[in-house]
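> If you scroll down you'll find the structure; I have some questions about it.
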Amino acid sequence: MTHRIVVLGAGYAGANAAGRLARKLHPADTEITLVNADPEFVERVRLHQLAAGQDLKVRRLTDVFANTGVRVRIARVAAVDAERKIVHTDDGDIAYDTLVYALGSAATGVPEHACDIAGKQSALRLRSRLRDLGAGATVLVVGGGLTGIEAATEIAEARPDLAVSLATRGELGDWLSDKARQHLRKAFDRLGITVHEGVDGRELTADVTVWTTGFAVHPIAAATTLEVAASGQIVVDETMRSVSHPDVYAIGDAALAKGGSGTTLRMSCASGVPTAHLAADAIAARLTGGEIPQNKIGYNGQCISLGRNDAVMQWVTPDDRPKPSALTGKAAVRLKEFICKGAAWSISHPTLMLPARRRRIAEVSAVTENALQF
């Protein structure tokens, strides 16, 4: 009997999970389907660049997964019936034996007329708005996190004729080390970005407002019988498996997951890729009778681009607390570019990363019936 694995979402988490499963499981026993609304892989960590007028490399999912054994289905997920093990899409229903839920997150609380850069289409809308602005027009970025900082600096560098400002409730980069924070302020001064700190209820006006105050997960999981947190994220165990439905795994932003140190993982590419690898390895192990992998997920650093010619790499502890040290300037630019290109390369070459023997489910007697009981 063929074991049907359905992966929902082809961002960094979902695409990595599908590719890793294809490398580990024999196609004679498994059928892997990757479902995504967009026909292309969206390099989300570069959407601030897209919004600022740069073009990103196109990676069509059908090309990426050609000859890998992964079936790409371009469809929008409407609902998940976790009891009947069926995914409802606008292109028909898909039955599964194991589900990998990686639908990710989107911008939350975006006011009317404001823009966001949480998705490709919203980044393109902002790009169009910025293109129409004349010299001296004002752009306000609301939110002082990583997305807000990268958006403000990218726009200011690409359009020095605009008056760019950033508003944050706290202090600029207040979670960073002293060294990183000082470099960040110098970069903002160099780019002419005005910073409004301690903003709480104050009215600020601009010709274009970019909203980057936070992310919320796709609401589909909360509408199922899956156990979810108040955030709408699926609650998972140490192997990214749903605590309420053992045939469902959640990865990336969609999961309320902990790392190897017991700290809750933040929404980021840095969390999405390792949770995808862990979930894929756990699924393969349970289906073939292999050893269940340990959760050793931890962080090394936070990359922050400050336009195309400057950056900060804040070194952190495995549980994501900043260390005193940080890499800045051109060296940080090169390191961040290496990381971003590496992440995209792993998506573009799903069967070349960490080659592994494709194991047969039939290698273990009665695995098909008992795999999800481990």
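Residue numbering for the sequence shown follows full-length UniProt numbering, starting at 1 and increasing by one per position.
Glycine included, C-beta positions come from ideal geometry on N, C-alpha and C.
Source: prediction; values computed, not measured.
(1) Taking buried to mean at least 16 other C-beta atoms within 10 Å of its own C-beta, is Ala366 buried or exposed?
(2) Return the residue from the list Ala223, Ser231, Val210 that minimises the CA-CA distance to Ala216.
(3) In three-state DSSP terms, what is Glu203?
(4) How far does the alpha helix (DSSP H) with Ile155 in it extend, from its first residue to its last?
(5) Taking three-plus beta-carbon pairs below 8 Å as touching, is the region 150-169 in contact with the region 186-203?
(6) Considering Ala180, what are the terminal residues of the alpha helix (DSSP H) in which it resides?
(7) Near Asp310, what residues of its chain come up, given a Cβ to Cβ distance below 7 Å and the 5 sequence neighbours on each side ignored?
(8) Whose C-beta lies closer than 6 Å to the C-beta of Arg71 among residues of the same chain, with five residues either side of it excluded?
(9) Where does Ala366 sit, in a helix, a strand or coil, going by DSSP?
(10) Please confirm whether Met240 and Ser105 have their CB atoms less than 7 Å apart.
(11) Roughly how many angstroms lie between the CA atoms of Val80 and Ala344, to the nearest whole one?
(12) According to DSSP, is Asn16 helix, strand or coil?
(13) Would you grab the beta carbon distance between His48 and Thr30 for me? Rounded to a whole angstrom, and I think it's under 8 Å.
(14) Just mark Gly301 as buried or exposed, buried being the case when its beta carbon has 16 or more other beta carbons within 10 Å.
(15) Please decide whether Val333 counts as near chain C, where near means a Cβ-Cβ distance under 7 Å.
Once the coordinates are examined:
(1) Unreliable placement is indicated for Ala366, whose pLDDT of 44 sits below 50; no coordinate value is reported for it.
(2) Ser231
(3) coil
(4) 146-158
(5) yes
(6) 178-191
(7) Ala187, Gly329, Val333
(8) Thr33
(9) Residue placement at Ala366 is flagged as unreliable, the pLDDT there being 44, under the threshold of 50; the coordinate-derived value follows with that caveat. Residue state, collapsed to three classes: coil.
(10) no
(11) 29 Å
(12) helix
(13) Rounded, the Cβ-Cβ distance is 38 Å, inconsistent with contact.
(14) buried
(15) The chain inventory of the structure shown lacks chain C, comprising one protein chain alone.
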